[in-house]
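> Input: one structure, supplied below.
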Ligand SMILES: *[C@@H]1O[C@H](CO)[C@@H](O)[C@H](O)[C@H]1NC(C)=O
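In mature numbering (1 follows the signal peptide of the UniProt record, and there is no 0), the protein residues as written are -32 to -1, 1 to 203.
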């Protein structure tokens, strides 16, 4: 009798454990993001450099880590908080410029990588974190100013510690919505005034954009915040 009871308990535990595994697998199936890479570079110098110094596997891993990092920065613990993107494809191609994101695709110019002098992996990761932010951020239904969109992407890059040395220093720049590094530094200042500011701003931009968001979150207009920021650094 005693043995039977023990084995019944074990069976019940096994069943419970199996159910838990199935449940976790189902959750994964619903929410997992697929990552793919499409290397169109052939034998270009940049393509060869990409494959020898970075590689496909490492890129896919960085895309996945970037996603987790971005959801964390945006405080999107619940899948319903996030954009619904089932798959992100990275294209490595012989193009122009540095990189861009469009339609859940990231395009990186291999010529840029080929000619890069400095820490190539750090630069590549920084570019991926920036572009992956474009995949996940809300854009106020197209109403958010472009400079703010780019500033948030670079804010994530800053938080990930993948910024290049040519970036402006804190307090530099002409306008809050200048974009990229200038706006990223300003957003870091705002985030210091209210921890999680960028996450809350992003949340508000799910359905639209309004300059009043700054007032709602920080009690001051964005222009006032910009002049406070400039004054703090003696500009
Ligand atoms: C450097 O850039 C030029 C111009 O885009 C390109 O033709 C050349 O292939 C690049 N070099 C490398 C090693 O990728």
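Even glycine gets a Cβ: it sits at the ideal position worked out from N, Cα and C.
Where does residue 27 land, buried or exposed, given buried means 16+ other C-beta within 10 angstroms?
Counting Cβ neighbours within 10 Å, residue 27 comes out buried, since at least 16 surround it.
> Leaving out five residues on either side along the sequence, give the residues of the same chain with a beta carbon under 8 Å from the beta carbon of residue 3.
Contacts found: 28, 31, 32, 55, 56, 57 and 58.
> Using the beta carbon as the reference atom, which residues fall closer than 5 Å to any heavy atom of ligand 1, ordered along the chain?
The set, ordered by position in the chain, is 13, 14, 79, 82 and 83.
> State buried or exposed for residue -24, treating a residue as buried only when at least 16 other CB atoms are found within 10 Å of its CB.
Bear in mind that the predicted position of residue -24 carries a pLDDT of just 49, short of 50, making it unreliable; the figure below should be weighed with that in mind. So residue -24 counts as exposed.
> Enumerate in chain order the residues of its own chain whose CB-to-CB distance from residue 125 is below 8 Å, with the five nearest sequence positions on each side excluded.
Once the five neighbours on either side are set aside, the close Cβ partners of residue 125 are 94, 97, 98, 101, 131 and 152.
> Would you grab the beta carbon distance between residue 78 and residue 9 for me? Rounded to a whole angstrom, and I think it's under 8 Å.
Yes, they are in contact, since the Cβ atoms of residue 78 and residue 9 sit about 4 Å apart, within 8 Å.
> What number of angstroms, rounded off, separates the C-alpha of residue 43 from the C-alpha of residue 194?
Their Cα atoms are separated by approximately 25 Å.
> Can you look up residue -26 in the DSSP assignment and give me helix, strand or coil?
Confidence at residue -26 is low in this model, with a pLDDT of 48, below 50, so the placement of that residue is unreliable and no value is reported for it.
> Give a yes or no on whether the C-beta atoms belonging to residue 22 and residue 68 are separated by under 8 Å.
Going by C-beta atoms, residue 22 is not nearer than 8 Å to residue 68.
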